[in-house]
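To start, the structure under review is shown below, and the notes come after it.
Residue numbers (this note's numbering): 202 to 352.
Below you can see the structure in the form of structure tokens.
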């Protein structure tokens, strides 16, 4: 057998694997209307963009994350000023929450008002200061209590 035939036999399957596997993953991603990613329920909106669905599973996971971050903020602002209680990056907690609220208001989250209301009311209940620069945080929202029930 000549050298080029050996090269074709050796390299051919590797090339097929390098191109076929990513192509299959891409086709599966495009074909799937509803997916779960990292434990969250995701779907597609009318334009085909990814959407964070308003499901009981997502709500429970996000409440757990919000509660943990608010507890870290309470610890950071209290007597236990440890560096690991700082928000991600080098910003303060107020800017962290305002950025989170801005992100939730962008297209891609079903029922963002429920998340924003929960954050604002839970922070108030924990005795934290209102967020400067957000109308819900200043108390102009119409709801009186955080959304504590699932969809």
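Where is the CB? At the ideal position from N, CA and C, for every residue including glycine.
Predicted, not measured: the structure shown is a model, and the values here were computed from it.
In this structure the stretch 260-269 lies against the stretch 317-337, because at least three pairs of beta carbons, one per stretch, are closer than 8 Å. In this chain, residue 252 is not harboured by any alpha helix (DSSP H); it is covered by the beta strand (DSSP E) spanning 251-253.
DSSP lists 253 as the beta-bridge partner residues of residue 310.
At least 9 Å separates the beta-carbon of residue 274 from that of residue 325. The beta carbon of residue 313 sits closer than 7 Å to the beta carbons of 305, 306 from its chain, once the five residues preceding and following it are set aside; these are given in chain order. One Cα belongs to residue 203, the other to residue 223, and the distance between them is close to 32 Å.
Rounded to whole angstroms, the gap between the alpha carbons of residue 331 and residue 287 is 18 Å. Rounded to the nearest angstrom, the gap between the Cα atoms of residue 255 and residue 308 is 13 Å. Nearest to residue 295 by alpha-carbon distance, out of 333, 215, 310, is 333.
Contact between residue 252 and residue 244 holds, since their C-beta atoms are separated by about 5 Å, short of 8 Å. The C-beta of residue 242 has 16 or more other C-beta atoms within 10 Å across all chains shown, which makes the residue buried. With respect to the 9 Å criterion, residue 278 and residue 219 are not classified as neighbours on the basis of their beta carbons.
An exposed status is given to residue 250, since fewer than 16 other beta-carbon atoms sit within 10 Å of its beta-carbon. Rounded to the nearest whole angstrom, the C-alpha separation of residue 211 and residue 315 is 57 Å. With a beta-carbon spacing of about 51 Å, residue 271 and residue 215 fall beyond the 8 Å limit used to define contacts.
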